[in-house]
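Each protein sequence line maps, in turn, to chains A and B.
Note that UniProt numbering numbers the first sequence so that position 328 is 328, with each residue one more than the last.
Note that UniProt numbering numbers the second sequence so that position 193 is 193, with each residue one more than the last.
All C-beta atoms in this analysis are idealised placements derived from N, C-alpha and C, irrespective of residue type, glycine included.
Take a look at the structure set out below.
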Amino acid sequence: MPERGAFPGMPHHGARPGVSGHTASPGASGHTASPGTSPGPRRDGGGGLVATVTGFARTLRAAGVGADHERTQNMLRALAVLDVAEPADVYWAGRVTLCASPDDLPRYDRCFEAYFAGRRAVPRPAGMPAVTVTRHMAALDGDGGRDDDRDRDEDAEAAAARASRIEVLRHRDVAALTPAERAEIHRMLALLARGREQRRSRRFSPARRGPLDERRTIREALRRGGEVAALRRRAHRTRPRKVVLLIDVSGSMAPYADTLLRLAHALVRSEPRATRAYTVGTRLTAVTAELRHRDPGLAMNAVSAAIPDWSGGTRLGEELKEFLALHEARGATVVIASDGWERGDAGLLGAQMARLSRLAHRVVWVNPHKGHEGYRPLTAGMRAALPYIDDFVAGHSLAAYEELAERLSHA
Amino acid sequence: MLRETGGIPHTSEIDSPRRLAELLDEHAYLADEGLATACFLALRMGRPLFLEGEAGVGKTELAKTLAAVLGAPLIRLQCYEGLDAAQALYDWDFARQILHLKAAEAAGITDAARLEGELYDRRFLIARPLLKALETQPSVLLVDEIDRGDDEFEAFLLEILSDYTISIPELGTIRAERPPVVVVTSNRTRDVHDALKRRCLYHWLEHPSFDREVSILMRRLPGCTAALAEQVARAAERLRAADLAKPPGIAETLDWAEALLTLGARDLDPGLAAATLGAVLKHREDQAVALRNGILGRA
Chain A
1 MPERGAFPGM PHHGARPGVS GHTASPGASG HTASPGTSPG PRRDGGGGLV
51 ATVTGFARTL RAAGVGADHE RTQNMLRALA VLDVAEPADV YWAGRVTLCA
101 SPDDLPRYDR CFEAYFAGRR AVPRPAGMPA VTVTRHMAAL DGDGGRDDDR
151 DRDEDAEAAA ARASRIEVLR HRDVAALTPA ERAEIHRMLA LLARGREQRR
201 SRRFSPARRG PLDERRTIRE ALRRGGEVAA LRRRAHRTRP RKVVLLIDVS
251 GSMAPYADTL LRLAHALVRS EPRATRAYTV GTRLTAVTAE LRHRDPGLAM
301 NAVSAAIPDW SGGTRLGEEL KEFLALHEAR GATVVIASDG WERGDAGLLG
351 AQMARLSRLA HRVVWVNPHK GHEGYRPLTA GMRAALPYID DFVAGHSLAA
401 YEELAERLSH A
Chain B
1 MLRETGGIPH TSEIDSPRRL AELLDEHAYL ADEGLATACF LALRMGRPLF
51 LEGEAGVGKT ELAKTLAAVL GAPLIRLQCY EGLDAAQALY DWDFARQILH
101 LKAAEAAGIT DAARLEGELY DRRFLIARPL LKALETQPSV LLVDEIDRGD
151 DEFEAFLLEI LSDYTISIPE LGTIRAERPP VVVVTSNRTR DVHDALKRRC
201 LYHWLEHPSF DREVSILMRR LPGCTAALAE QVARAAERLR AADLAKPPGI
251 AETLDWAEAL LTLGARDLDP GLAAATLGAV LKHREDQAVA LRNGILGRA
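This is the structure:
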């Protein structure tokens, strides 16, 4: 513990009376300060303290800690009941008011040290999460070519023969199909709408079964002068669970990206208000609006126009971070369709996946290679993500997509 | 806007974080400087204390001890998915309302307006933890494991923690004249909304340091010798450093030391450690890792 009073930047006890009205009043004595007067001994300093704390908060914000105005005010209030000349008090007053997660703490410590002239009141606690930086370069290069596959309408007369062909097609890897076969799969995908897992809403509605609806029962009884004629019941309403799709359209995913986007189209069409779709590659792109077109061909054209980075390399970690900042993941089922060839930092991907798993209802990872014989999740990205995945599923054939849709339709 | 938590006999006596730490110590809870400061600020600023940390670091225990120190009842709300207003706030006592109706009927009262007024009286209201905490002064409200509840509940809790009022349509608004001391805990299985955290004072609870853990063991378990406490704390430290699914918290270490004491152990020898492993590691895989890597010493 550093010695008392040897703390640069912090005014001492009762240094200057007469603080402007918006600073904290001394809570210890309980009376409120009127601007310009100085009731009793003041513990807080003057404008110097406010400026010091505001500057500190600004430093923290620059370092990525969400020390906003309200939190800064809270730190001032906290200091009003503590000892501003005591470095440890200042350290803790700031820490409990300006920080909001353990991730903030190492940053807070660094900023505290830097801002208050190289003094750290408290040593950094052991066991803080350290970020391990393991670089991984994608071994697979993008094949550069976009999968050119227009929505060609086939003659509808061979319907009978198609039924058996579809059964065979259903289990084949879409990457190995001819354009005609793939078009057929795409038509099947468009029909794939199985409804959505329902989540319980807070609200109730009258129901046949369920707990007693006391209010309605009593109200009705009152209307009959106290005679309970029938017991009314109620049940929670339900709402479709939100599904967010993150589809990797980078080079290594090119053979599957188009089919996956068509699956996204089918899901968006079936639950327009509870489905969001993004593509990831080198940039996170929202494509939900584009996928709302009724016609799959038109929707695909719109999506193609919106995506700037078809067939680039993947920086999944960074994009996931960007996605999490959009507050779309909370309570949703998040489906990531990618092979996990992370070109960026796999450590970052792991950290973001950890965060995602805490926010999302479920995390589903669709990896087209998982359906292949002898596949093992060996890429650094996949290994980093794996501990945080609830469902790890294949995504190479129509059968696999049907299974995925089935998973999304109920819990 | 400073709202001192009042109505509590000891508040005026608690004039510094150090004094609060002493009082907590008297109730066998050893708080470090950071935790004592956070609690002190929560009392003084009338703000909820948001305690986050891994399971078993003593979050719930702190709320209990704080209640004991303040001589206030502890009111606990355990969160879970689907927790709703009827379980968290209040509910009407349906059975008693019907009885009242029947009694009124027997007495020949048929005036509906009067009956309704009587029915929605405070005495037919069942106070659930949040309402109870606003009505009980002083009190310590523990909102336990908020990360287990859903985000709709968070929004709803934020509303109550913002102005400490609950409005009941049939009855009007109930306001706490003096806000209760509120402790919110989270195991961080899920991120809690920033708006709620902003209302609170945030404190991240770590596993205790070696010295502190030794002190806690000796403070809590009267029969525990310094030698045994040190051995247990050192073993716990090694277990936390190992890559386990569920590293032991202070709660587990206490259980472990107690189990060893019950068996009359004076030292932590590998045989006894293995026999009592279930008190400290609750996952089969973790136990296997501990035994395989010889974390507890070779038998």
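What does DSSP give as the partner residue(s) for V335 (chain A) in the beta ladder? A:L245, A:V364
So is M10 (chain A) buried or exposed if we call it buried at 16+ other beta carbons inside 10 Å? Since pLDDT at M10 (chain A) reaches only 45, below the 50 mark, its modelled position is unreliable, and the value read off the structure follows with that caveat. M10 (chain A) comes out buried.
Interface residues of the stretch 95 to 108 of chain B facing chain A [CB-CB below 8 Å]: Cβ contacts with chain A: Q97, I98, L101, K102, A104, E105.
From the beta carbon of H283 (chain B), is the nearest beta carbon of chain A less than 8 Å away? no
Would C111 (chain A) count as contacting chain B if we go by Cβ distances under 8 Å? no
Nearest to Q137 (chain B) by alpha carbon, out of B:E230, B:V181, B:R47? The residue with the shortest Cα to Cα distance from Q137 (chain B) is B:V181.
Cβ-Cβ separation, K197 (chain B) to A100 (chain A) (assumed contact under 8 Å), whole Å: 5 Å
Proximal residues to T259 (chain A) (C-beta, below 8 Å), its chain only, five neighbours per side dropped: V174, R182, I185, H186, L189, Y401
I need the straight-line Cα distance from A36 (chain B) to L281 (chain B), nearest angstrom please. 29 Å
State the Cα-Cα distance for the pair R178 (chain B) and L51 (chain B), rounded to the nearest angstrom. One Cα belongs to R178 (chain B), the other to L51 (chain B), and the distance between them is close to 22 Å.
Mapping DSSP to helix, strand and coil, what is E220 (chain A)? helix
Where G331 (chain A) meets chain B, residues with beta-carbon distance less than 8 Å: D150, D151
Using a C-beta cutoff of 8 Å, does D144 (chain B) count as contacting chain A? no
Given a limit of 9 Å on CB to CB distance, which residues of the stretch 45 to 79 of chain B reach chain A? M45, G46, R47, L49, F50, E52, G53
Cross-chain neighbours of K197 (chain B) in chain A, by beta carbon under 7 Å: A100
Kindly say whether A156 (chain A), judged by its beta-carbon, lies nearer than 8 Å to any beta-carbon of chain B. Confidence is the limiting factor: at A156 (chain A) the pLDDT is only 47, short of 50, which leaves the residue's position unreliable and the question unanswerable from this model.
If we ignore side chains and look at the alpha-carbon of each, how far apart do C79 (chain B) and T185 (chain B) end up? 10 Å
Would you kindly report the start and end of the unbroken beta strand (DSSP E) that includes R407 (chain A)? Here R407 (chain A) belongs to no beta strand (DSSP E); instead the alpha helix (DSSP H) covers 398 to 409.
G30 (chain A) by DSSP, collapsed to three states: which one? Residue confidence for G30 (chain A) is low, a pLDDT of 36 falling below 50, so the modelled location carries little weight; the figure read from the coordinates is stated next. Coil.
Boundaries of the alpha helix (DSSP H) in which T178 (chain A) is found, first to last residue: Counting along the chain, T178 (chain A) falls outside any alpha helix (DSSP H), and DSSP gives it neither H nor E.
What is the residue span of the beta strand (DSSP E) that H203 (chain B) lies within? 201 to 205
Using a C-beta cutoff of 8 Å, does A306 (chain A) count as contacting chain B? no
Give the residues of chain A in contact with R190 (chain B), contact being defined as C-beta atoms less than 8 Å apart. R358, L359
Can you grab the Cα-Cα spacing for the pair R215 (chain A) / I216 (chain B), in whole Å? C-alpha of R215 (chain A) to C-alpha of I216 (chain B): approximately 51 Å in a straight line.
Mind checking whether L359 (chain A) and R330 (chain A) have CB atoms under 8 Å apart? yes
Other residues of its chain near C39 (chain B): CB distance less than 8 Å, five sequence neighbours each side excluded: So the qualifying residues of the chain are P17, L20, L24, A31, L49, L62, L66.
For C200 (chain B) and R47 (chain B), which I take to be in contact (beta-carbon distance under 8 Å), what is that distance rounded to the nearest angstrom? 6 Å
Could you tell me whether the Cβ of L378 (chain A) comes closer than 8 Å to any Cβ of chain B? no
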